[in-house]
Amino acid sequence: MPKIKTHRGAAKRLRFTKNGKIKRGKAFKSHILNKKSTKRKRRLRKGGYLSVSNAKVMKTLIPYK
Numbered sequence: 006m007p008k009i010k011t012h013r014g015a016a017k018r019l020r021f022t023k024n025g026k027i028k029r030g031k032a033f034k035s036h037i038l039n040k041k042s043t044k045r046k047r048r049l050r051k052g053g054y055l056s057v058s059n060a061k062v063m064k065t066l067i068p069y070k
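Now the structure itself:
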């Protein structure tokens with residue numbers, strides 16, 4: 006059985022926790038920041054977790070991580 010290729014874009018963006026959850030970065034924080042409030046930008050700094058339904062798909066994209 007051949008090995009499954011890792012989706013490199015997903016591997017660069019996602020990290021696994023020890024409990025099996027998948028951490029991700031928040032979107033909308035790279036440019037056009039002057040119209041976004043300070044509170045909103047501060048919340049965007051923190052990471053988030055993928056939902057359970059999305060995590061199942063992403064685990065197939067990153068099989069060996």
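Position in the sequence shown counted from 1, then plus 5, gives you the numbering used here. Using N, Cα and C, we set each Cβ at its ideal position, and we do this for glycine too.
- Straight across, the Cα-Cα distance linking R45 with H36 is about 13 angstroms.
- Sixteen is the threshold: since fewer than 16 other Cβ atoms of the shown chains lie within 10 Å of the Cβ of I9, the residue is exposed.
- Rounded to whole angstroms, the Cβ separation of K31 and L49 is 5 angstroms, and the two are in contact under 8 angstroms.
- The closest CA to that of G52, considering only A60, R20, S58, V62, is found on R20.
- According to the DSSP assignment, K51 belongs to no alpha helix (DSSP H), since it is labelled neither H nor E.
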